[in-house]
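Single-structure report; data block below.
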Amino acid sequence: MADRWRVGGGLNGGYQLSMIGNAIRAALPDHPDPVAVSAYYISPAVAGPATVVVRPQRVGGRTATVAAELQQDSDVRLSVLATYGDLDAFPSDVRTTAEPVDLPPRDQCVPNTLAPDEIKEMAPFTQRFEMLFHPDEVGWAVGKPSGRGQISAWFRLADEREPDPLSLLMAVDALPPVTFDLGMMGWAPTVELTAHVRAKPAPGWLRLRHRTRNIAGGFFEEDCEVWDSADRLVAQSRQLALLPR
Numbered sequence: 001m002a003d004r005w006r007v008g009g010g011l012n013g014g015y016q017l018s019m020i021g022n023a024i025r026a027a028l029p030d031h032p033d034p035v036a037v038s039a040y041y042i043s044p045a046v047a048g049p050a051t052v053v054v055r056p057q058r059v060g061g062r063t064a065t066v067a068a069e070l071q072q073d074s075d076v077r078l079s080v081l082a083t084y085g086d087l088d089a090f091p092s093d094v095r096t097t098a099e100p101v102d103l104p105p106r107d108q109c110v111p112n113t114l115a116p117d118e119i120k121e122m123a124p125f126t127q128r129f130e131m132l133f134h135p136d137e138v139g140w141a142v143g144k145p146s147g148r149g150q151i152s153a154w155f156r157l158a159d160e161r162e163p164d165p166l167s168l169l170m171a172v173d174a175l176p177p178v179t180f181d182l183g184m185m186g187w188a189p190t191v192e193l194t195a196h197v198r199a200k201p202a203p204g205w206l207r208l209r210h211r212t213r214n215i216a217g218g219f220f221e222e223d224c225e226v227w228d229s230a231d232r233l234v235a236q237s238r239q240l241a242l243l244p245r
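Just so you know, we're using full-length UniProt numbering here: the sequence shown kicks off at 1 and counts up by one.
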């Protein structure tokens, strides 16, 4: 596992999730796509060798359910229960009341390359992505958070690879902690994350929106929506995280 995916005291949770997701896909050739993934982050992953152990629980015609662990030495870093399937074989009809992420044109948004040096140092993994933030939601970078508890951005991989279902597992944990928009800066370790992949994304940029509505007991929830270039809601997630340290 590469140090360039570091954030705070560990490696980015979405990076870990996509690694374990790729191992699950390799074990399920007839069920290549993540559908629902619940992950518990047990201890911080570090740069270095890692092993993924996959244990199929049930393999059916339409879906398969597996348990998996990401291990380093004798330590379990991440424990996952996931359902996989073939998204191309699922019904294509869509009925939704969800509203797409509303972002200005990309040339009017704020690139992550302009992030303060302390943010780049704390989270070098962000340089693996190209993110263009809504200009009304980046005041936290200059000490002026909006207080709304929302961060949204255009998103793609830095190498400009087109998005796929596994990269959506990375996208749902790519933006800065939404607590930044509440003036709470710092690393916010994920405790649990559940992601639903609703469809294969169309080629092109993704649009991400992270929100929180409740901070209590030293934890906050972060809800994410991922929309593709065809205006489809292709992934949703909720994670519970510790408040920034």
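Glycine residues also receive a C-beta, built at the ideal position from the N, C-alpha and C atoms.
Between the Cα of residue i and the Cα atoms of the options, which residue gives the shortest distance?
{"i": "A36", "options": "P44, P104 and R25", "result": "R25"}
{"i": "D173", "options": "P32, V76, Q236 and N112", "result": "Q236"}
{"i": "V226", "options": "R245, F220, E192 and P165", "result": "P165"}
{"i": "I215", "options": "L87, R156, G139 and D181", "result": "D181"}
{"i": "P135", "options": "A153, L193 and A39", "result": "A153"}
{"i": "S92", "options": "E222, P201 and L169", "result": "P201"}
{"i": "R232", "options": "A199, M1 and F219", "result": "A199"}
{"i": "P49", "options": "E118, L193, L70 and P203", "result": "L70"}
{"i": "A27", "options": "P116, V80 and V53", "result": "V53"}
{"i": "R55", "options": "A67, W187 and H196", "result": "A67"}
Distance check for residue j and residue i, CA to CA, integer angstroms please.
{"i": "Y84", "j": "F133", "result": "32 Å"}
{"i": "P177", "j": "P105", "result": "23 Å"}
{"i": "residue 261", "j": "L78", "result": "Residue numbering for the chain in the displayed model covers 1 to 245; residue 261 lies beyond these limits and cannot be assessed."}
{"i": "G143", "j": "E137", "result": "12 Å"}
{"i": "T212", "j": "G183", "result": "13 Å"}
{"i": "Q150", "j": "P34", "result": "26 Å"}
{"i": "C224", "j": "S74", "result": "32 Å"}
{"i": "G217", "j": "R245", "result": "14 Å"}
{"i": "R127", "j": "D159", "result": "The amino acid at residue 127 is misidentified as Arg; the sequence shows Gln. So the alpha carbons of these two residues sit roughly 10 Å apart."}
{"i": "S146", "j": "G61", "result": "48 Å"}
{"i": "Q16", "j": "G8", "result": "15 Å"}
{"i": "D117", "j": "D228", "result": "30 Å"}
{"i": "T51", "j": "E221", "result": "29 Å"}
{"i": "K120", "j": "P111", "result": "13 Å"}
{"i": "S38", "j": "V191", "result": "11 Å"}
{"i": "W187", "j": "M122", "result": "8 Å"}
My guess is that residue i and residue j are in contact by the Cβ rule of under 8 Å, so how many angstroms apart are they, rounded?
{"i": "R4", "j": "F125", "result": "7 Å"}
{"i": "V76", "j": "I42", "result": "5 Å"}
{"i": "T63", "j": "Q57", "result": "In fact, because the Cβ distance is near 11 Å, the residues do not count as touching under 8 Å."}
{"i": "F155", "j": "L208", "result": "5 Å"}
{"i": "G14", "j": "L243", "result": "About 19 Å separates the two Cβ atoms, so there is no contact after all."}
Between which two residues does the alpha helix (DSSP H) holding residue i run?
{"i": "L169", "result": "P165 to A171"}
{"i": "E99", "result": "It is not in any alpha helix (DSSP H) - E99 carries neither H nor E in the DSSP assignment."}
{"i": "D117", "result": "D117 to M122"}
Helix, strand or coil, according to DSSP, for residue i in the structure here?
{"i": "R128", "result": "helix"}
{"i": "V178", "result": "helix"}
{"i": "P135", "result": "helix"}
{"i": "L17", "result": "helix"}
{"i": "D107", "result": "helix"}
{"i": "residue 246", "result": "What is shown of the chain runs 1 to 245, which leaves residue 246 out entirely."}
{"i": "R25", "result": "helix"}
{"i": "D30", "result": "coil"}
{"i": "A241", "result": "strand"}
{"i": "T113", "result": "helix"}
{"i": "V191", "result": "strand"}
{"i": "E213", "result": "In the sequence as presented, Glu is not what sits at residue 213; that position holds Arg. R213 falls in the coil class under three-state DSSP."}
{"i": "A47", "result": "coil"}
{"i": "R6", "result": "strand"}
{"i": "A89", "result": "helix"}
{"i": "A141", "result": "helix"}
I'd like the span of the beta strand (DSSP E) that includes residue i, first residue to last.
{"i": "I151", "result": "Q150 to L157"}
{"i": "D223", "result": "F219 to W227"}
{"i": "R77", "result": "D75 to G85"}
{"i": "E69", "result": "T63 to Q72"}
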